[in-house]
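Chains as they are written, first to last, in the working numbering: chain A, 133 to 579; chain B, 160 to 403; chain C, -8 to 867. All C-beta atoms in this analysis are idealised placements derived from N, C-alpha and C, irrespective of residue type, glycine included. Predicted model only: the values in this text are computed from it and were never measured. Below is one structure, written out as structure tokens, with a few remarks after it.
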Amino acid sequence: MSTLLFYDEIDKPGLASLSTYHDIGGYSMLRKALDMEPQAIIEQLLASNVRGRGGAGFAMGRKASFLPKGDMDKYLVCNADESEPGTFKDRELMQKNPHLLIEGMAIASYAIGASRAYIFIRGEYMHQADVLDAAIAEAREAGFLGDRVMGSDYSLELWVHRGAGAYICGEETALLDALEGKRGNPRLKPPFPAIEGLYQGPTLINNVETLMNVPHILRMGGEKFAEIGTSGSTGTKVVCVSGCVRRPGNYEVELGTPTRDIIYGLAGGPPEGRKIKCWFPGGSSAPVLPGTDEYMDLPFDFESIAEAGSMLGSAAIIIVDDSVPIVDVALKTAKFYRHESCGKCTPCREGTNWTVKMLERIENGQATPMDLDIMASVCDQILGNCLCVLGDAMAMPISSMIKHFREEFEEHIEMARERNGLGAAIPVMNRDERGPDRSAEYSAVGH
Amino acid sequence: MTPSPSDPSRRLAGQVRRYSHGSRVPDWDRAADLQKAPAVIPDLATTRVSDELREAIEQYMSRYPDRRSAALPALMLAQKVHGWCSPLAIEQVAAVMRLTPGYLSSVATFYDMFETEPKGEHTVYVCTNISCALRGGDAIYEAMVEAAGDDPRMNVRTFECLGACDIAPMASVNGEYVGPLDEADCRQIVDELTSGRPVLEHKRLRDRPSAIDLPMGDGLPTAGRDISNRITASGNDVAGPKDM
Amino acid sequence: MPRPEINWITFSIDGREVKAPENAMLVDAAKYGDVEIPVFCYEPKLGQPVGACRMCLVEIEGIPKLQTGCSTPVKDGMVVHTQTERVHDAQRAVVEFLLINHPLDCPVCDKGGECPLQDITYGWGPGTSRYIEPKRHFVKPLELSPLIAIDRERCILCYRCVRFSQEISEDYQLILNERGAHSFVATFDGHPYVAPFTGNIVELCPVGALISRSYRFRARPWDIEGAGTVCTLCPSQCNVDLTVRDDRVLRVSARDNDEVDDGWLCDKGRFAFQHIHVDERITEPLMRQDGKLVPVDWDTALTAAAQALGEAGPRAAAIADGETTNEEAFLLQRLFRERLDCGNLSARPGGDLPLPLARGLADPALQATVPDLEFAHAVLLLDCDPIDDAPIFDLRLRKGVRRRDMNLVVASARPTALDANATTVLRHAPGTAEALLVALDAALSDDRGNLGGAASAAGSSAQAVQDLLEDLTSAGGDIVILYSERLFGGPRGPQAAEALLNVANRLNLTGEGAGLLEIPIGANGRGVREAGFAATHGPGFAPVANPGLATHGIAEALAEGQLSTLYLLHTDPLRHMSDGELWERALSSAQTVIAHESLMTETVATHADIVFPGEAYAEKEGTLVHPDGRVQRLRRAIGHPTPFNRHPGSGVRAGWQVISDLAKLLGLDFGVFAGSMASQQLFAAVPFFNGLTLDEIGGRGVRWPAREAARLAFGETSREPVALDVPPAAAVPSEDALRVGTFRPLWSSKEVDVSPILQYARPTQVVELSPVDAERFGVADGDKVEVGVNGTQVQGAAKLRHAVPEGTVFVAEGLSDASSSLFNYGTVQLRRLGGSAEESPINPIIGMPAIGESPFNPPRHELRESPPGTAPRMNE
Ligand SMILES: Cc1cc2nc3c(=O)[nH]c(=O)nc-3n(C[C@H](O)[C@H](O)[C@H](O)COP(=O)(O)O)c2cc1C
Ligand code: SF4
Ligand code: FES
């Protein structure tokens, strides 16, 4: 039985209330932290080698140590935007164990010397935000937050800030803009938030799950914590499995657990008679991997998934079975990113839009295999050229689909053309040669 | 006389097919109304704001070192009062926050949860993103639209991933997550909403235990799994090609 | 505050070693090596780079990803490549992306030929496009405002225009709505984008998306010529570039001069050029016969004028204002002093100052510069509002606060547009700026008695004055006091000047970066005075044997028949002098009124006997002196207009020439045969202009107070503080009487009145009052009200403003009608005349509270600059 940090007692009745949380030892780590030097806490985080659970997988301790010392206004921001398709772990964690997050944030704030902290939660999570609001009120009442935390000299204000529906606000700098009451546009980096973040003050931004690890790290000690999982990917990970599986849901596993155990073991694998065509290992932004044994045998950790050509991301596994055409998956994915592009930088704004239009033409039977090359090239033109990585987040999965399933794309193009009465593909040079004007069918897709 | 195809008069401006830009924000293809005064910061001396709204907004403003941070919560409050982010709602927020209405409209139109046009009071977001679509989300959306019919109180929207793929296909009904849904649930949701009863109590996400405690499912819904249908999960993408 | 120091470093670009200032953005640094990196969104004038368009990607050794050259500061030893395959690929990609939705309507686009998108597409684009999907379409073009048309199809979403609105003018009216590919530039709920600086977005737009409605379809780049000169429509004297086609001015653009305008123009300067070519232009000499003005030839007009002046002798008087150049003022005062033995000369509507005070205020050591407004530790904005008085200064102050952490301290009677940017705002009673200065002086010299008395005379408190002083002095010694010449307007003008000098000397504002900056009332008020056009002094503040009468005295003497002939040089006393009634009498009693004027004004039409057609600034040559002492050149862009169907020569003549000819008829030969000769005489006559040449002044101007020789020539002034007395207390509002204050809106000018495109901006009278008083008097916003005292009345629409202090109303002066120049400070009665139902065109400009508030009062740390790092279709 592998170690569980979050899910062993997740359904314990009343866990969301301060009394129950306190009964199982809650806030004792905050007490312990307040008696430590801030730097000593960061040392523990460094020793734990815990990596960010929000997507990029950057070591939390290192990020915290980038913040300048001294008593300027510093901030801690918890990224609870959780909008990556397929990801739903933070929701369950916050709803069921809000005080663990609050405790983690209080410790982290103390460690970096922040006196204000915000939880940026996506606006759709209304219930979870209410739960957090109530928990924060309880914690403040009990002296775990507010002036002179637990009688120490340290004071901390913590607020929940609700978003209003925009995936891009998960990107840390866009999140800061949204928190400052602006349009959620990503900022240029550098300066990085650790140096110049919220209100231009040094800011540490971490995912919900990352911050929830903090009390556990203090309890176990960083080195002990680092023994869980693999050497490069320490600790456990809450994996969100969804799509074509028999039991979608959140499963906490030690990092490095074989992928097969998660997809087939915990989630039950694809439904009767279906095979896995491909899967996203880390949300819809991660390049897809085929469902072949080779990939099922991968240890589920940051390094192995990266080596296989994808990324662990938010550890949201989306399973696509063999009954679903890959073009449909590509179109859904691309439309999502087009919808969520903030529009600030050119390649992402125009590139996602163009990709959707090409995929629609494939779907409508008005494409030729040549369009696949253009599409791949458009993805190439996006990759690495954008202001933030949202553009890449579309380009990578689409490229991977073309790479792994090119034949299916070509077949789809031919079949759709046939359905459309167009016959075999010929290069489309201009509108008139493209046959009947099917533009009315575009009507559902914007422009 | 019918002009011959090469006759240039066939190409009169009105007949050339155009594809409109489309936007969920009104006025994108209208000129400014030159009779209006410029939209500067509304003076509280001339903009009436209810005390409750003003105080609630001021309360939010006090939470942040920069008052502008309260923009999102303040707009949400005003949207609740007015039903949508109407120009009046925005002006009221602007007057309290001492911002221009333009600042706030630019913010409001960026985020999906702000309604930029008058909408029914019962909001149903149906997730049609990939994980839900793989389990029939698109069909649920269509069923929900059908169930809502033309009841003006209903505001049924497609939405991007709502972060509840474990209960796919799902929807957020006035903020309450419910799922997994089938088509019958859609009718029930509309009934319950319009008669003021609690919605789909047995399928609320908030009461659901974690997955490991649930029995292994035995498959996927078979109906409506065609994710190729062209529903775009997006409040934004409303307009399509039009003749202009 | 010390200016950033430049440190030169060496970096390598495309294989060449290049020296560049450290931390310059790569796109700028590259220019030192003659390498051009294409940009769209980058515009340093707009503040920090945003890195949005991605056009400027370059390869930097040691960094795996391509970097945006617009936001990467150059460092010593950096190795940059702009000509690699990767960079080319990225550039072609961005151009291809940008052209996806951009219509190829260049042949009918105003920007065609001067379009960065066109140029970059040719220079860096792929040459072809693989995009065959339908493009996005908008209805076009649409009106964005009375001045600007927007063509959203062409927009490449570079953010420049909205950044201008947000970060430069801070009006935050122009916004981006929606998200992603749906984003579009818009305003709130279809309101027009009307604010004082909107025209700048036309110049900023790198494509043809924002088009000036006055320029639309007027010319193509190959039809036009550019002509650099200086705008004379207000004291800011911005440097402009006139677009000329067929001897007509079609457009005004900024001719970036950091020291003067920072590259911006206000909408008045940008669009009121239309006054040059309107029917109201006076294009031939006129004389009054049988009560009517009829055209005459130059000889007749000049002879008649010479005769009238000659007869009047010392009983003549002259007033200069507006676009008067130094040369015109200099020559006219010579004519008056040398030929008529007359010193009745005035360029100060408020009255002249005794010579020592006038000289003291002009002391080169005390002069602050325009950039000082930005770099000072603190600026005291003393009872003036730059938005109305010198709009470009408003932008400079905003920049100082936003980017340099400057402390702005406002002490003014009327709420200013900069209140929200200020660290402290002190609201005093209208007309009590002198008392406030006395209080400041007392606070600085620890004179408790005067402090209390003067502060309460100003309608404020000792504590408030002390707080203000604390904020003014706490940040450092570079302090600038920005004030308006209106300070010296009342009968106590000299005392106010004394108080100001006291404060300046006690604060020791003689260092670099500190000082006084006066906004004169006339566009060239400073130059006209320095050229000797003043009752109390000659050229270069030379003492005169027998000083003449100043403005008020001239008016009284005329009214009483002691003076007979009045020469008005670009002056409209009825509109701009504070005592309108007296001037009405004065002009009626004058025997001869000679008006040298370019437009038919009320004064000319009803009172002038002899009219010399005046030049518009685009036709003029000569020099001006900027409020900060910068001598600038006006250069002729177009020829003088001639009346329709007349032989050449009957038209407008150069001002210096008219005055010379007049002098010659009176027996005085200036020996001036060209405009430049007049300049030479001026430079020779004014000691601190000695040695200046037109060449040296050139296109950028020369600040004379900065020239060593000039400082020596100017000599010393006294720095000893003098004893001040507490001025009379401000009028106290009562049950039925309110204090009244006045302001002169930016838009109240004859040029605006006649410019077709600016008709929307012509100010009408508003009466600004606080909501409390409004309730007391039963007045609602927009109601028609009347304020008045002793039978003089002004009517206007009530404007409720939160920021107006209780017990005070504000009315505009200098309007072509309903002007409040009828009364001075004191109290007035207010009466409601009726509701707003009747059609009262609420004027968008002075009716707008934005003049009083800015959306931003960001926390201080946000202001720091981080280290580098269905409406009608258009049918004009
Ligand atoms: C487009 C985009 C969306 C993102 N969305 C989320 C999100 O919803 N939740 C999250 O925690 N991190 C998200 N991230 C990652 C954050 O930018 C950031 O890396 C993370 O919050 C850092 O926290 P961590 O180090 O604890 O993972 C997103 C990144 C991008 C580029
Ligand atoms: S209108 Fe012009 S300036 Fe404004 S974003 Fe578009 S291209 Fe840029
Ligand atoms: S100029 Fe550098 S990103 Fe636009």
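- Shortest Cα-Cα distance from proline 185 of chain B to any of C:Leu715, C:Leu148, C:Phe129 and C:Glu521 involves C:Phe129.
- Of the residues A:Gly475, A:Pro200 and A:Asp167, the one whose Cα lies closest to the Cα of asparagine 168 of chain C is A:Gly475.
- Looking from the CA of alanine 43 of chain C, the closest CA among C:Ile147, C:Trp647 and C:Arg477 belongs to C:Ile147.
- DSSP places aspartate 453 of chain A within a strand segment (E or B) once states are collapsed to three.
- Here leucine 399 of chain C has Ala369, Val370, Leu372, Leu388, Gly391, Val392, Leu409, Asn412, Ala413 and Thr414 as same chain residues with Cβ atoms under 8 angstroms from its own Cβ, once five neighbours each way along the sequence are excluded.
- In terms of Cβ geometry, valine 71 of chain C and leucine 615 of chain C do not form a close pair [threshold 8 angstroms].
- Neighbours of alanine 248 of chain B in chain A, taken as residues at a C-beta separation under 8 angstroms, are lacking, since the least C-beta distance is about 14 angstroms.
- Following the DSSP letters along the chain, one finds tyrosine 206 of chain C in no beta strand (DSSP E), marked with neither H nor E.
- When the Cα atoms are used, alanine 309 of chain C and leucine 673 of chain C turn out to be separated by approximately 19 angstroms.
- With a cutoff of 7 angstroms, alanine 188 of chain A counts as near ligand 1, since its C-beta is closer than that to a heavy atom of the ligand.
- Counting only Cβ-Cβ distances below 7 angstroms, arginine 691 of chain C has no contacts in chain B at all, with the closest Cβ about 34 angstroms away.
- In this structure, alanine 433 of chain C and arginine 418 of chain C do not form a Cβ contact; the two beta carbons are roughly 19 angstroms apart against a cut-off of 8 angstroms.
- For secondary structure counted as the alpha helix (DSSP H) over 4 or more consecutive residues, the segment 221 to 269 of chain C holds these complete runs in sequence order: 258 to 262.
- Between threonine 818 of chain C and valine 757 of chain C, the CB-CB gap reaches or exceeds 8 angstroms.
- Sequence-ordered contacts of the segment 165 to 178 of chain C with chain A read Leu167, Glu169, Arg170, Gly171, Ala172, His173 and Ser174 [C-beta pairs closer than 8 angstroms].
- Around the beta carbon of methionine 204 of chain A, fewer than 16 other beta carbons lie within 10 angstroms, which makes this residue exposed.
- In the DSSP assignment, the residues bridged to tyrosine 558 of chain C are C:Ala309 and C:Ile585.
- Under the three-state reduction of DSSP output, leucine 135 of chain C falls in the coil class, being neither helix nor strand.
- As the crow flies, the alpha-carbon of proline 632 of chain C is around 50 angstroms from that of asparagine 499 of chain C.
- Annotated as distal: aspartate 271 of chain B and threonine 287 of chain B, with beta-carbon spacing of 8 angstroms or more.
- With a 10 Å radius around the Cβ and a threshold of 16 neighbouring Cβ atoms, serine 151 of chain A comes out exposed.
- Contact between serine 589 of chain C and arginine 151 of chain C is absent: CB atoms are separated by about 36 angstroms, not below the 8 angstroms threshold.
- When DSSP states are grouped into helix, strand and coil, phenylalanine 357 of chain A belongs to the helix group.
- Rounded to the nearest angstrom, the gap between the Cα atoms of glutamate 250 of chain C and arginine 691 of chain C is 8 angstroms.
- Glutamate 303 of chain A has its CB nearer than 7 angstroms to a heavy atom of ligand 1.
- Sequence-distant Cβ neighbours of valine 649 of chain C in its own chain, meaning closer than 6 angstroms and more than five residues away, are Phe603.
- Not one heavy atom of ligand 1 lies closer than 7 angstroms to the C-beta of leucine 233 of chain A.
- Listed in chain order, the non-local C-beta contacts of threonine 206 of chain B below 7 angstroms within the same chain comprise Glu250, Gln251 and Ala254, local neighbours out to five positions each way being set aside.
- Glutamine 74 of chain C and valine 18 of chain C have their C-alpha atoms spaced approximately 14 angstroms apart.
- In this structure, arginine 185 of chain A has its beta carbon less than 7 angstroms from a heavy atom of ligand 1.
- Taking C-beta separations shorter than 6 angstroms and ignoring five residues to either side along the sequence, the partners of arginine 702 of chain C in its chain run Pro355, following chain order.
- The beta carbon of alanine 343 of chain B is closer than 8 angstroms to none in its chain, skipping five residues each way along the sequence.
- The segment 77 to 89 of chain C makes contact with the segment 513 to 532 of chain A: 3 or more CB pairs, one atom from each, lie closer than 8 angstroms.
- For methionine 278 of chain C, the secondary structure class from DSSP, reduced to helix, strand or coil, is strand.
- Under the three-pair Cβ rule at 8 angstroms, the segment -6 to 5 of chain C counts as touching the segment 19 to 30 of chain C.
- Distances taken from the Cβ of tyrosine 299 of chain A to the heavy atoms of ligand 1 include one shorter than 7 angstroms.
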